[in-house]
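**Q**
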Amino acid sequence: MWNQFFLLEEYTGTDTQYVGKLHTDQDKGDGNLKYILTGDGAGSLFVIDENTGDIHAAKKLDREEKSLYVLRAKAIDRKTGRQVEPESEFIIKIHDINDNEPKFTKDLYTASVPEMSGVGIIKTALPDMSRENREQYQVVIQAKDMGGQMGGLSGTTTVNITLTDVNNNPPRFPQSTYQFYSPESVPLGTHLGRIKANDPDVGENAEMEYSIAEGDGADMFDVVTDKDTQEGIITVKQNLDYENKMLYTLKVDASNTHPDPRFLYLGPFKDTAVVKISVEDMDEPPVFSKIFYLIEVDEDVKEGSIIGQVTAYDPDAMNNLIKYSVDRHSDMDRIFSIHSENGSIFTLKPLDRESTPWHNITITATEINNSKQSSRIPVFIRILDINDHAPEFAMYYETFVCENAKPGQLIQTVSVMDKDDPPRGHKFFFEPVPEFPLNPNFTIVDNKDNTAGIMTRKDGYSRNKMSTYLLPILIFDNDYPIQSSTGTLTIRVCACDNQGNMQSCNAEALVLSAGLSTGALIAILLCVVILLVLVVLFAALKRQRKKEPLIISKDDVRDNIVTYNDEGGGEEDTQAFDIGTLRNPEAREDSKFRRDVMPETIFQIRRTVPLWENIDVQDFIHRRLKENDSDPSAPPYDSLATYAYEGNDSIADSLSSLESPTVDCNQDYGYLSDWGPRFKKLADMYGGDDSDRD
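In structure tokens:
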């Protein structure tokens, strides 16, 4: 029994419950062996001391949940990690204790008997007892011993009797006629109303089904049974039209789905009601004669030509007039239009199948008396092809011929394309142009498969004599009317190897390599180097020259003007003249118009010789002055506007005497000293008495 242990369930002790002990004869007690436990609940419900092999239950167990556990034990050598014996399996069984009280399977016992049942041990006192009148009965039964004699004992019990339902009642409509109203053109499946028949039975005995009897409106309406509420829902089966019929009369039957054959003698278990449906007139939108229109038209049709027609009508009894229009969101380019009265569609612009083969437009039909009633229809316009494009080369061909070419060699195969799409397919023909029917250099061969081959016609070609040949080719198609074009093929003469591979097509390189020797090339390079050295020395000498001052005269007043501009309104004072041209002559813009005065006539732009030399400013000004003096179109107003211009943002008023109200009166400029250090020089010039005397 070593491999089977027993354990009590629902253990409530403070210590863990001891299960048993595992031990092997190989255990010498020196601690070299380790016991390992695996299987059901190992490590969680059951723990083992790996040194001694003692097994304990870590938790309280319940036999009703699980009565036994299968575990496996191993003994492993700690040093080698190997098992000293094969793995053993053992079972832990849980002993039962009386910890559950007995329970009844049901808290309450009930009995039932179908209504209308015959008599039994307990006899009914009333004939044909009906569940609909009373469903529950309670009977107390007393039993006496000793034949009911005195001194006998008795006991009582209570019997609850429930009458169950049987299908002994047919459905009945509470009213014989129902009235509903429906607008015309309502969607199919629309619910118009509900009717319900009453049935005092319950459960499946009260389930019923509604149906429409044959007769007026049976094909226009339908009735659906709601299984949850046992109601009949009247729905629309076909489209209604007030103009065709205004009133429908239906006969709707309600019948039980589970009749009881025992009570068929009571009569048919169904009832019938009359349902009247009145159709109300509604203002309906126009109706087109088709769901869409497909129109085919040739692309060469003239502007204003009628290409098709759409028709619509008012389904109402009033038969209102209809007007037609094109939805411009579907025809943004306004290519088509429509006659508003008869629906004739005509073109406004030329058509081109190659750019737009299909046009999908939308036509709107609207009632004249009620613009809210409108309908839309798609019109698909297919543009039929007309042969109005000439064939042309399918790509740009880079053709070459070898200098060592022989007669009859194929140097290029050309193919063409055509924007047209003829119904019989493309067929192209290739011929020389009539002006040059016989080309002495090349031959055009029509391959009869919409391609042509270019063949050599003579023995050998020379780049020195002719480096490029132009070969015009006449291409025409076979459709009506025939379209043709002339494609010119450029053929270069190139040097090739023996296999015909191109090596060089540059005739100049050939002449240079053949006409110049190595010594001549070296002499040319030396001359170029010497020329570059001379240019560098000349530029260095120019930079070392002492530059003369721009202004020599002491009476020149432009110093004051520049000083005044520095203390003026900022950049707005310098917009009249670009001073950067004087500071950097090489960076100037040629032929730039003056910005101070707008000339009355815009003269032709004059090209001047660029001054690439690094010259000083004075020399530059003299040259520019000479150019303007010799130019008859140069304006005479050189610098008047430049120095009379003042900035808009200057905080000081004008100091010019030209704008003074009185010329001879003395003016007091003492306030200039209050403007700060920036105006100190002006204050010294105009503020003192000496300056006034000067």
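Using the numbering used here, you'd call the opening residue of the sequence shown number 1271 and step up by one each time.
Where a beta carbon is used, it is the ideal one built from N, C-alpha and C, also for glycine.
Write down the C-beta distance between serine 1455 and methionine 1552 rounded to the nearest angstrom, noting that I regard them as a contact closer than 8 Å.
**A** Confirmed, Cβ separation roughly 6 Å.
**Q** Would the stretch 1595-1611 and the stretch 1507-1522 be scored as touching if the rule is three or more Cβ pairs under 8 Å?
**A** No contact exists between the stretch 1595-1611 and the stretch 1507-1522.
**Q** Does proline 1556 pass the burial test, meaning 16 or more other C-beta atoms within 10 Å, or should it be called exposed?
**A** The residue is buried, with at least 16 neighbouring Cβ atoms inside 10 Å.
**Q** Is leucine 1536 helix, strand or coil by DSSP?
**A** Leucine 1536: helix per DSSP, three-state reduction.
**Q** Going by other Cβ atoms of all chains shown within 10 Å of its Cβ, with 16 needed for buried, is glycine 1757 buried or exposed?
**A** By the 10 Å Cβ count, glycine 1757 comes out buried.
**Q** Please give the ranges of any beta strand (DSSP E) in the stretch 1620-1651, keeping only runs that are unbroken, at least 3 residues long and fully inside the region.
**A** Segments of the beta strand (DSSP E) lying fully in the stretch 1620-1651: 1628-1637.
**Q** Taking the beta carbon of valine 1522 as the centre, do at least 16 other beta carbons fall within 10 Å, making it buried, or is it exposed?
**A** Buried: at least 16 other Cβ atoms inside 10 Å.
**Q** Residue range of the alpha helix (DSSP H) that lysine 1560 falls in?
**A** Run containing lysine 1560: none; DSSP gives neither H nor E here.
**Q** Run through DSSP, which three-state label would glutamine 1274 get?
**A** Strand at glutamine 1274.
**Q** Can you round the beta-carbon distance between isoleucine 1565 and alanine 1635 to whole angstroms, since I take them to be within the 8 Å contact cut?
**A** That belief does not hold up - the Cβ atoms of isoleucine 1565 and alanine 1635 are roughly 17 Å apart, past 8 Å.
**Q** With a threshold of 8 Å on Cβ separation, who are the neighbours of cysteine 1775 within its own chain once the five nearest residues in sequence on each side are excluded?
**A** Closer than 8 Å at the Cβ level, and outside the excluded window around cysteine 1775, lie Phe1670, Arg1733, Ser1737, Arg1762, Val1763, Cys1764, Ala1765.
**Q** With DSSP collapsed to three states, give me the class of glutamine 1874.
**A** No answer about glutamine 1874 holds up, because its pLDDT of 41 lies below 50 and its placement is not dependable.
**Q** Of all the options Thr1294, Asp1295, Val1798, Leu1277, which has the alpha carbon lying nearest to the alpha carbon of glutamine 1287?
**A** Glutamine 1287 has its Cα closest to that of Leu1277, out of Thr1294, Asp1295, Val1798, Leu1277.
**Q** Determine the DSSP secondary structure at histidine 1365, reduced to helix, strand or coil.
**A** It is a strand residue.
**Q** For asparagine 1965, list the residues DSSP reports as bridge partners.
**A** Beyond the ends of the chain as shown, which are 1271 and 1964, falls residue 1965; an answer cannot be given.
**Q** From the DSSP output, in three-state form, read off leucine 1708 for me.
**A** Leucine 1708: coil per DSSP, three-state reduction.
**Q** If you reduce the DSSP assignment to three classes, tell me which class tyrosine 1518 lands in.
**A** Three-state result, tyrosine 1518: strand.
**Q** Do you know whose CA, among Ala1722, Asn1674, Val1715, lies nearest methionine 1772's CA?
**A** Ranking Ala1722, Asn1674, Val1715 by Cα distance to methionine 1772 puts Asn1674 first.
**Q** Which residue or residues does DSSP assign as beta-bridge partners of leucine 1680?
**A** Its beta-bridge partners are Met1725.
**Q** Assign glutamine 1888 to one of three DSSP states: helix, strand, or coil.
**A** In the structure shown, glutamine 1888 sits in a helix (DSSP, three-state: H, G or I).
**Q** Spatial neighbours of threonine 1294 within its chain, please: CB distance less than 6 Å, with the 5 preceding and 5 following residues excluded, ordered by chain position.
**A** Result list for threonine 1294: Ala1345, Glu1355, in chain order.
**Q** Given a cut-off of 7 Å on the beta-carbon distance, is the pair alanine 1524 and proline 1440 in contact?
**A** No, they are not a contact pair.
**Q** With DSSP as the reference, label tyrosine 1956 as helix, strand or coil.
**A** Note: tyrosine 1956 maps to helix in three-state DSSP.
**Q** The beta strand (DSSP E) that contains phenylalanine 1316, what's its start and end?
**A** From DSSP, the beta strand (DSSP E) with phenylalanine 1316 extends over 1316-1318.
**Q** Candidates Ser1314, Glu1279, Gly1301, Lys1291: which alpha carbon is nearest glutamate 1334's?
**A** The candidate whose alpha carbon is nearest that of glutamate 1334 is Glu1279.
**Q** Applying the criterion that 16 or more other CB atoms from any shown protein chain within 10 Å of the CB defines a buried residue, is serine 1625 buried or exposed?
**A** Flag for serine 1625 reads exposed.
**Q** Hey, how far is the Cα of isoleucine 1724 from the Cα of leucine 1708?
**A** So the two alpha carbons sit approximately 14 Å from each other.
**Q** Count Cβ pairs between the stretch 1745-1752 and the stretch 1646-1654 that sit closer than 8 Å; are there 3 or more?
**A** Touching, no.
**Q** Going by DSSP, what residue range makes up the beta strand (DSSP E) through phenylalanine 1443?
**A** Counting along the chain, phenylalanine 1443 falls outside any beta strand (DSSP E), and DSSP gives it neither H nor E.
**Q** Could you round the C-beta distance between threonine 1519 and valine 1544 to whole angstroms and report it? I think they count as a contact, below 8 Å.
**A** That belief holds up - the Cβ atoms of threonine 1519 and valine 1544 are roughly 7 Å apart, short of 8 Å.
**Q** Straight-line CA distance for leucine 1804 to alanine 1793?
**A** C-alpha separation (whole angstroms): 17 Å.
**Q** Which class does alanine 1582 belong to by DSSP, given the choice of helix, strand or coil?
**A** Of the three classes helix, strand and coil, the one that applies to alanine 1582 here is strand, per DSSP.
**Q** How far does the beta strand (DSSP E) with glycine 1502 in it extend, from its first residue to its last?
**A** Its beta strand (DSSP E) spans residues 1501-1506.
**Q** Under three-state DSSP, which class holds isoleucine 1800?
**A** Note: isoleucine 1800 maps to helix in three-state DSSP.
**Q** Please state whether the Cβ-Cβ distance between glycine 1574 and phenylalanine 1616 is less than 7 Å.
**A** For glycine 1574 and phenylalanine 1616, yes; Cβs fall inside 7 Å.
**Q** Is the separation between the beta-carbon of aspartate 1541 and that of alanine 1587 shorter than 7 Å?
**A** Not in contact: aspartate 1541 and alanine 1587 (Cβ atoms no closer than 7 Å).
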